[in-house]
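Here's the structure we're looking at; comments come further down.
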Amino acid sequence: MKCSKCGFDNADDALFCEKCDWKLSETYIPEMKVNRAIFSYVALIVGIIAVIPIIIGDMLIVSLILGAIGLVLGGYSFNASRLMNLPNK
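Numbering of the sequence shown is given in my numbering, commencing with residue 37 and proceeding in unit increments.
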């Protein structure tokens, strides 16, 4: 029986893959990874745009809304320790 995760050919009576220990009766669906760099760039751009209305004039509400959007998007981005693969201490 062929493993759906790694493709290893196992014995027909095997329950788990000998190579990756995947349960052979289950179909493997690869995890979709989100490109977190996009969120960090968008958060940076929105943050810069949020400052412009304050400089130009009295658009405090627009700046607050854009700043809140930037904070939310920034929460989905990565931090420096994840980027550099440093262990959490």
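Using N, Cα and C, we set each Cβ at its ideal position, and we do this for glycine too.
Everything numeric in this text was worked out from a predicted model, so none of it was measured.
Does the Cβ of Cys56 have 16 or more other Cβ atoms within 10 Å, making it buried, or fewer, making it exposed?
Here the question's residue 56 lines up with position 20 in the sequence shown. With fewer than 16 other Cβ atoms within 10 Å, it is exposed.
At least three beta-carbon pairs within less than 8 Å, the stretch 74 to 85 to the stretch 46 to 65
no
Helix, strand or coil: which one does DSSP assign to Phe52?
Translated into the one-based positions of the sequence shown, residue 52 becomes position 16. In this structure, Phe52 counts as strand in the three-state DSSP scheme.
Near Gly103, what residues of its chain come up, given a Cβ to Cβ distance below 6 Å and the 5 sequence neighbours on each side ignored?
Here residue 103 is taken as the residue at index 67 of the sequence shown, counted from 1. Around Gly103: Ala86.
Does the separation of the CB atoms of Tyr64 and Lys41 fall below 8 Å?
The sequence position of residue 64 within the sequence shown is 28, counting from 1. The sequence position of residue 41 within the sequence shown is 5, counting from 1. Taking 8 Å as the Cβ cut-off, Tyr64 and Lys41 qualify as a contacting pair.
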